[in-house]
Amino acid sequence: MGGFMKKTMMSMLIIGALCSSAFPLKLGLEFQTGSDHLVGANLRITDMVELKPQIGFQASDNHGAFGLAFSGNFYLPNLGDLQHYAGAGFRLDFIKDSDTQFGLDGHYGVRYDINDIFGVFGELGVLFDLAPSFFMSSYKAGVGCTFYLIR
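Given below as structure tokens:
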């Protein structure tokens with residue numbers, strides 16, 4: 006029975022090593038400010054695909070909002086050390102004393118990883134609010150940073 010367990014463990018280690026090289030997963034904690042103030046995760050599934058679930062808060066004397074956002078980015082060929090991407094996302098905003106808003110966005114961004122732990126990025130795009138009524142924002146812009154936890 007001991008030989009069977011050793012073979013099973015060895016097989017699992019080999020499969021894990023092969024899968025980790027086939028799917029280079031990176032996980033980071035991300036902060037973004039600009040037209041949106043968001044905190045969330047950056048899950049880089051492959052060298053070309055990234056998923057970003059995020060939450061946002063806004064508070065002032067007469068305004069309060071809580072938002073959920075999710076976007077996917079598709080990386081284009083690198084520009085030297087710069088990585089650039091195009092993406093789309095959706096958001097759901099719960100606003101104090103107002104209707105819930107749902108919107109879609111399209112954006113373009115540039116990322117620069119300073120080292121294995123820290124990266125910065127900037128995005129520009131267009132935001133479409135679909136509910137409760139249609140409204141097209143003139144822009145969506147922001148800058149942020151990512152602290153990579155798993156690389």
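As numbered in this note's numbering, residues 6 to 156 make up the sequence shown, in order. Note that CB positions come from ideal geometry on N, CA and C, so glycine has one too. Treat the numbers as computed from the prediction; the structure is a model and nothing was measured.
Cβ contact (3+ pairs, closer than 8 Å) linking the region 48-57 and the region 65-73: Taking 8 Å as the limit for Cβ pairs, the verdict is that the region 65-73 does not touch the region 48-57.
Residues of its chain near R156, where Cβ-Cβ distance is below 6 Å and the 5 sequence neighbours each way are ignored: Translated into positions along the sequence shown, residue 156 becomes position 151. Once the five neighbours on either side are set aside, the close Cβ partners of R156 are K31, D121.
Identified DSSP bridge partners for H112: Reading the sequence shown from its first residue, position 107 is the one you call residue 112. The partner list for H112 (beta bridge, DSSP) reads G92, G130.
Proximity winner among S76, L87, K101, relative to S65 (alpha-carbon distances): For the purposes of this step, residue 65 is identified with residue 60 of the sequence shown, where counting begins at 1. Minimum Cα-Cα distance from S65 among the listed residues S76, L87, K101 corresponds to K101.
Beta-carbon contacts of G39 that lie in its chain and below 7 Å, excluding the five residues immediately before and after: As a working mapping, residue 39 is identified with position 34 in the sequence shown. For G39, where only same-chain residues beyond five positions count, the Cβ hits under 7 Å are A146, G147, V148.
Proximity below 8 Å, CB of G130 to CB of D98: As a working note, residue 130 is residue 125 in the sequence shown. As a working note, residue 98 is residue 93 in the sequence shown. No, Cβ-Cβ distance for G130 and D98 is not below 8 Å.
Buried or exposed (CB count within 10 angstroms, at least 16 for buried), T151: By 1-based counting over the sequence shown, the position of residue 151 is 146. Buried is the call here.
CA-to-CA distance, G124 to Y90, given in whole angstroms: Here residue 90 is taken as the residue at index 85 of the sequence shown, counted from 1. Here residue 124 is taken as the residue at index 119 of the sequence shown, counted from 1. Each residue's Cα considered, the two are about 14 Å apart.
Proximity of G108 and L84 at Cβ, strictly below 8 Å: By one-based count along the sequence shown, residue 108 stands at place 103. By one-based count along the sequence shown, residue 84 stands at place 79. With contacts defined as CB atoms closer than 8 Å, G108 and L84 fail to qualify as a contacting pair.
Residues near P137 in its chain [Cβ-Cβ closer than 6 Å; skip 5 each side]: Here residue 137 refers to the residue found at position 132 when the sequence shown is read from its first residue. The beta carbon of P137 sits closer than 6 Å to those of D104, all from its chain and outside the five residues before and after it, given in chain order.
Three-way DSSP call (helix, strand, coil) for L84 in this model: Here residue 84 is taken as the residue at index 79 of the sequence shown, counted from 1. Reduced to three states, the DSSP call for L84 is strand.
Cβ-based burial, F79 [other Cβ within 10 Å; buried from 16]: Here the question's residue 79 lines up with position 74 in the sequence shown. Its Cβ having fewer than 16 others within 10 Å, F79 is exposed.
Distance between L154 and F36 (C-alpha atoms, nearest Å): Counted from its first residue, the sequence shown places residue 36 at position 31. Counted from its first residue, the sequence shown places residue 154 at position 149. Between F36 and L154, the alpha-carbon positions lie close to 14 Å from each other.
For K145: DSSP bridge partner residues: Counted from its first residue, the sequence shown places residue 145 at position 140. Beta-bridge pairing links K145 to G130.
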